[in-house]
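Which chain is which? The protein sequence lines are A and B, in order. If you're matching positions, the first sequence starts at 365 in the numbering used here and goes up one per residue. If you're matching positions, the second sequence starts at 139 in the numbering used here and goes up one per residue. Idealized CB from N, CA, C, for every residue including glycine. Since the model is a prediction, treat every value here as computed from it, not as a measurement. One structure is given below, encoded as structure tokens.
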Amino acid sequence: MANKVKDEILHDHNHDGIDRRGFLKCMAWAGTGALCVMQGGVLKSYSLSRLSDLGGSAAAAGELSFVQISDSHMGFNKPANPDVAGTLKVAVDKINGLSAPPEFLLHTGDISHLSKPEEFDTVDQILKATGKEVFFVPGEHDVLNDDGAQFRERYGKGAKGAGWYSFEKRGVHFIGLVNVMNLKAGGLGTLGPEQLEWLEDDVKHLKHSTPIVVFAHIPLWTVYPDWGWGTEDSAQALAYLKKFGSVTVLNGHIHQTMQKVEGNVTFHTAASTAFPQPEPGKAPSPGPMKVPAEQLRSVLGITDVNYVRGQHALAVVDSSLA
Amino acid sequence: MRRRVWIVALAAPVIAAALLLVGGGRDFAASAGQAQASNVDVKIDNFSFGPATLTVAAGTTVTWTNRDDIPHTVVSDDKVFKSKVLDTDEKFSFTFTKPGTFGYFCSIHPKMTGKVVVE
């Protein structure tokens, strides 16, 4: 399959391969769409512009596909994006236009900007247009002032602890984790002993061949600790998942797409539907990145994930909203 | 106490700023806080508290103002004080009545830390 596509690249974070226009070069890695296929632990990316070359490939017609969206930040109204409801609606249009309709959506947190009820209401209303079930985990912006009580009331019914849970879809085991509670001064995201204990128990009886998808807001791999982009005790969580042949970790929080492969685990962060954030260390702080209005949608996006039984591979497609 | 007030009366802002910068002369810095009438501002900007370390006299009210596009909080390590979430330009004040060192952080972005030393 791969040899059909001329612009195949290995995802080496050097920004090469998807920079179709010079001025977009620095933006390309942040949001321009790419189809990512993991096979045998190697992640390959294909430019979205060549997606048609893949035709009816396994990746395009898997047995399970779902979409990850993240960081809607409903309520944000600063210059980096004065219309976050508008860009979320564009994301929904994009989802509704996918050739292989997803079975459900995952939202990896920061649904709201300030945990206000009307912010959650707006997101719920907009996402309703997909007609799909949505699974949520909270971001730090969703648990302000009330330790997440409102979040759990809205999205965490039946969940454990601060809102963690697991479910099965077509033989794939999904695990939603919460790493935005009880953050300690100077620290990173935290899962905590209670959740780790639950996780160990949750996967104990699963067959090693069961594909695992873990989703949580803050990256479960250390992207950039100076900006808090990592999770203190994620190593313990990943240790419980070592026995599985295929583990995919989906995160948000950093408002840009990134991928990394480590042994049997593929890490992936999704773009925001609201505003981009700078590349690690390339700005004085991780605050919202202002880009020219006509470029904004190219750095926002959704992630379409496709599972193909028998290949132990998840194809991860990032689409920009442009 | 009296000695400190006297020094501050001469050139309070300059001395306070200079001493805070070099990180020495805590006594003088403390007196500066005291003499500046008990109100001191901390700015939250670019995901950091400025100044990150502040030395004040007991009775001083410290006011934090969020100048970022992103909300922050001001939460003491020992739960002595805890702001609600501060959106852009929102403020939080706390009056330090007891001496001690009060470490604090943003509970949303815990890499953001600061300290108020009350003398």
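Coil, strand or helix - residue i by DSSP
i              : result
residue 409(A) : Confidence is the limiting factor: at residue 409(A) the pLDDT is only 37, short of 50, which leaves the residue's position unreliable, though a coordinate-based value still follows. Of the three classes helix, strand and coil, the one that applies to residue 409(A) here is strand, per DSSP.
residue 533(A) : strand
residue 477(A) : coil
residue 181(B) : strand
residue 249(B) : coil
residue 460(A) : helix
residue 450(A) : helix
residue 560(A) : helix
residue 430(A) : strand
residue 668(A) : strand
residue 658(A) : helix
residue 467(A) : coil
residue 486(A) : helix
residue 491(A) : helix
residue 165(B) : With a pLDDT of 42 at residue 165(B), under the threshold of 50, the predicted position of this residue should be treated as unreliable, though the coordinate-derived value follows. Here residue 165(B) sits in helix by DSSP.
residue 515(A) : helix
residue 566(A) : helix
residue 257(B) : coil
residue 663(A) : helix
residue 506(A) : helix
Supposed close pair residue i, residue j - CB separation, criterion 8 angstroms
i              : j              : result
residue 307(A) : residue 605(A) : This structure cannot speak to residue 307(A), because chain A is shown only from 365 to 686.
residue 477(A) : residue 437(A) : 4 angstroms
residue 439(A) : residue 483(A) : 4 angstroms
residue 196(B) : residue 256(B) : 5 angstroms
residue 543(A) : residue 553(A) : 4 angstroms
- Query: Using a beta-carbon distance cut-off of less than 7 angstroms, what residues from the region 242 to 253 of chain B approach chain A?
  - Reply: 243, 245, 246, 247, 248, 249, 251
- Pairing CB atoms from the region 569 to 585 of chain A with CB atoms from the region 615 to 633 of chain A, are three or more of them under 8 angstroms? yes
- chain B contacts from the region 461 to 484 of chain A (Cβ-Cβ distance under 8 angstroms): 477, 478, 479
- Message: Please list, in chain order, the residues of the region 537 to 557 of chain A that have any C-beta partner in chain B closer than 8 angstroms.
- Response: 547, 548, 549, 550, 551, 552
- What are the residues of the region 633 to 660 of chain A that lie near chain B, defined by any Cβ-Cβ distance shorter than 7 angstroms? 648, 649, 650, 651, 652
- Message: Is it the case that the region 537 to 555 of chain A contacts the region 499 to 507 of chain A, given that we only count it when at least three CB pairs across the two stretches are under 8 angstroms?
- Response: yes
- Task: Could you tell me whether the region 556 to 565 of chain A touches the region 509 to 521 of chain A, where touching means 3 or more Cβ pairs closer than 8 angstroms?
- Result: no
- Message: Can you pull out the residues from the region 207 to 224 of chain B whose beta carbon lies closer than 7 angstroms to at least one beta carbon of chain A?
- Response: 207, 208, 209, 215, 222, 223
- Message: Any C-beta of chain B within less than 9 angstroms: which residues of the region 573 to 591 of chain A qualify?
- Response: 589, 590, 591
- Can you list, in chain order, the residues of the region 177 to 198 of chain B whose Cβ is nearer than 8 angstroms to any Cβ on chain A? 184, 185, 186
- Query: Just checking, does the region 221 to 232 of chain B make contact with the region 196 to 204 of chain B on the three C-beta pairs under 8 angstroms criterion?
  - Reply: yes
- Short-range partners of chain B found in the region 501 to 525 of chain A, where Cβ spacing is below 8 angstroms: 504, 505, 508, 509
- Message: Does the region 237 to 246 of chain B come into contact with the region 215 to 223 of chain B, if we say contact requires no fewer than three beta-carbon pairs (one atom in each stretch) closer than 8 angstroms?
- Response: Verdict: yes, contact present.
- Task: Could you name the residues of the region 444 to 458 of chain A whose beta carbon sits closer than 9 angstroms to any beta carbon of chain B, in the order they occur along the chain?
- Result: 444
- Using a Cβ cut-off of 9 angstroms, which residues of the region 486 to 501 of chain A contact any Cβ in chain B, in chain order? none
- Task: Identify every run of the alpha helix (DSSP H) within the region 584 to 654 of chain A, keeping only runs that are complete inside it and at least 4 residues long; order them along the chain.
- Result: DSSP runs (the alpha helix (DSSP H)) wholly in the region 584 to 654 of chain A: 598 to 604.
- Message: Is it the case that the region 624 to 631 of chain A contacts the region 649 to 661 of chain A, given that we only count it when at least three CB pairs across the two stretches are under 8 angstroms?
- Response: no
- Scan the region 605 to 616 of chain A for residues whose Cβ lies nearer than 9 angstroms to a Cβ of chain B and list them as they occur along the chain. none
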